[in-house]
Amino acid sequence: MGHHHSSTGQANQKNLIIAMIIIGSWMFIQFLGGLWTGSLALLADAVHMFNDFSNLFISLIAIILAAKAATKRRTFGNHRYEVLSSLLNSLALLAIAFFVVKEAIDRIISPQDVMGGAMMIIATIGLIANIGAMFALTRGDVKNNLNMRGAYLHVLSDTLGSVAAIVAAFIIYFTDWNIADPILSILISLMIVFSAFRLLKDTVHVLLEGTPDHIDIKQIKQDLLQMKGVENVHDLHVWTITSGIDSLTVHLIINPQYINQQDALIQANQYVRETLDIDHSTIQIETDDMRRFEDQNI
0 MGHHHSSTGQ ANQKNLIIAM IIIGSWMFIQ FLGGLWTGSL ALLADAVHMF NDFSNLFISL
60 IAIILAAKAA TKRRTFGNHR YEVLSSLLNS LALLAIAFFV VKEAIDRIIS PQDVMGGAMM
120 IIATIGLIAN IGAMFALTRG DVKNNLNMRG AYLHVLSDTL GSVAAIVAAF IIYFTDWNIA
180 DPILSILISL MIVFSAFRLL KDTVHVLLEG TPDHIDIKQI KQDLLQMKGV ENVHDLHVWT
240 ITSGIDSLTV HLIINPQYIN QQDALIQANQ YVRETLDIDH STIQIETDDM RRFEDQNI
């Protein structure tokens, strides 16, 4: 598990660098294009791309720090940097959405002329750049790694922004309806908010040491109770250190007359490693009747 996480981290690091090069090389042109055409969608997309670049950089630093070995002060290592990076990414997404909606409302109240043709060309090139960055990130672990998912959502929302800018430019070019620009910007912002809240919810769940979604505590307890010699189970906890690394602690009450207590420990460890796929575990064997410590309603 540790080696797998290390190799995945190296792949994520490489893909982040590729995405940063693509995003960084285009954001300046996008910003200048927004000023030239007067398009809020392009300006918002450029600001978003700058934020993407910054957060991709934060995600990269988090991966580098997480790869450092554990120390006496941080016995679990630095893996939580990736989770903190995810937290920053989700909050940044919400801030961007708020900024775009505020500017869009001002544009609806006081419409401004937009150069639809030039806007369409710039937004199309921006879309290609964002798709390239998304492709680079999807080669990493964007499904299970919160840090990479945050980076991916930034670029995804940016891609949606480019699509909105193209649609708005098309409408403006053929109808001169300039309000299409801020309206589509608001719609994309709402989609960004939805994704950001989901990421924020998952990140906070990890920081609060909640049980991983794929773990069924009741089923684990039932499985442990079915093992030979196990009379009771208490102090069962499962939590996530960072994406892909879970931990478990549990106390097993063994029947005093069961002479193969070491076998019970071996069997429990094997179950945790092979069935639950958890390498970081602490299983304590007890022989006293400690039913007063039994967890409630788990």
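For the record, in the sequence shown the residue sitting at position 95 is 94 according to numbering that gives the first Met the number 0, with numbers rising by one throughout.
Idealized CB from N, CA, C, for every residue including glycine.
Three-way DSSP call (helix, strand, coil) for residue i in this model
| i | result |
| --- | --- |
| Trp238 | strand |
| Ile244 | strand |
| His300 | This structure leaves residue 300 out entirely; the chain is present only between 0 and 297. |
| His204 | helix |
| Asp112 | coil |
| Pro181 | helix |
| Gly1 | Residue confidence is low: Gly1 scores 46 on pLDDT, short of 50, so the model does not pin down where it sits. Its coordinate-derived value is still stated next. Looking at Gly1 - three-state DSSP - the assignment turns out to be helix. |
| Tyr257 | coil |
| Asn144 | coil |
| Thr274 | helix |
| Ala122 | helix |
| Ser38 | coil |
| Gly209 | coil |
| Arg354 | Only positions 0 to 297 of the chain appear in this structure, which leaves residue 354 out of reach. |
| Arg79 | helix |
| Thr174 | helix |
| Gln266 | helix |
| Asp215 | coil |
DSSP bridge partner residues for residue i (one or two, in chain order)
| i | result |
| --- | --- |
| Glu285 | Ile252 |
| Asn231 | Ile252 |
| His279 | Ser246 |
Supposed close pair residue i, residue j - CB separation, criterion 8 angstroms
| i | j | result |
| --- | --- | --- |
| Val166 | Tyr151 | Contact doesn't hold; Cβ gap of about 23 angstroms is too wide. |
| Ala195 | Leu92 | 4 angstroms |
| Pro181 | Arg106 | 4 angstroms |
| Tyr80 | Gly116 | With 8 angstroms as the limit, Tyr80 and Gly116 do not qualify as a contact, their Cβ atoms being about 45 angstroms apart. |
| Val154 | Leu136 | 6 angstroms |
| Ala45 | Phe30 | 4 angstroms |
| Gly149 | Asn88 | 3 angstroms |
Contacting residues, own chain, Cβ-Cβ under 7 angstroms from residue i (five flanking each side not counted)
| i | result |
| --- | --- |
| Val100 | Ile185 and Ser188 |
| Thr281 | Thr248 |
| Phe52 | Met19, Ile22, Gly23 and Met26 |
| Thr158 | Leu126, Asn129, Ile130 and Met133 |
Rounded C-alpha distance that separates residue i from residue j
| i | j | result |
| --- | --- | --- |
| Tyr270 | Val203 | 29 angstroms |
| Ile253 | Asp262 | 11 angstroms |
| Gln12 | Lys227 | 45 angstroms |
| Ile265 | Lys200 | 36 angstroms |
| Met119 | Pro110 | 19 angstroms |
| Thr123 | Ser161 | 7 angstroms |
| Asn231 | Arg197 | 37 angstroms |
| Phe193 | Ala267 | 41 angstroms |
| Met133 | Ser58 | 15 angstroms |
| Ala94 | Tyr257 | 60 angstroms |
| Glu285 | Asn259 | 13 angstroms |
| Gly76 | Thr70 | 6 angstroms |
| Leu223 | Ile277 | 15 angstroms |
| Thr36 | Ile60 | 35 angstroms |
| Ile178 | Glu208 | 46 angstroms |
| His3 | Leu206 | Confidence is the limiting factor: at His3 the pLDDT is only 47, short of 50, which leaves the residue's position unreliable and the question unanswerable from this model. |
| Ala103 | Asn14 | 33 angstroms |
| Ala121 | His279 | Looking at the sequence provided, one finds Ile at residue 121 rather than Ala. Each residue's alpha carbon lies about 50 angstroms from the other. |
| Ala72 | His78 | For the record, residue 72 in the displayed sequence is Arg; it is not Ala. So the alpha carbons of these two residues sit roughly 13 angstroms apart. |
Nonlocal neighbours in the same chain, by C-beta distance under 6 angstroms from residue i, ignoring five residues either side
| i | result |
| --- | --- |
| Gln283 | His250 |
| Asn144 | Ser242 |
| Ile191 | Leu92, Ala96 and Ser156 |
| Leu86 | Thr202 |
| Pro255 | Thr286 |
| Thr239 | Val205, Pro211 and Asp245 |
Beta-carbon proximity list for residue i, same chain, < 8 angstroms, skipping 5 on both sides
| i | result |
| --- | --- |
| Pro163 | In the sequence as presented, Pro is not what sits at residue 163; that position holds Ala. Here the set comprises Ala40, Leu183, Ser184, Leu186 and Ile187. |
| Ile214 | Val237, Asp245 and Leu275 |
| Phe49 | Met26 and Phe30 |
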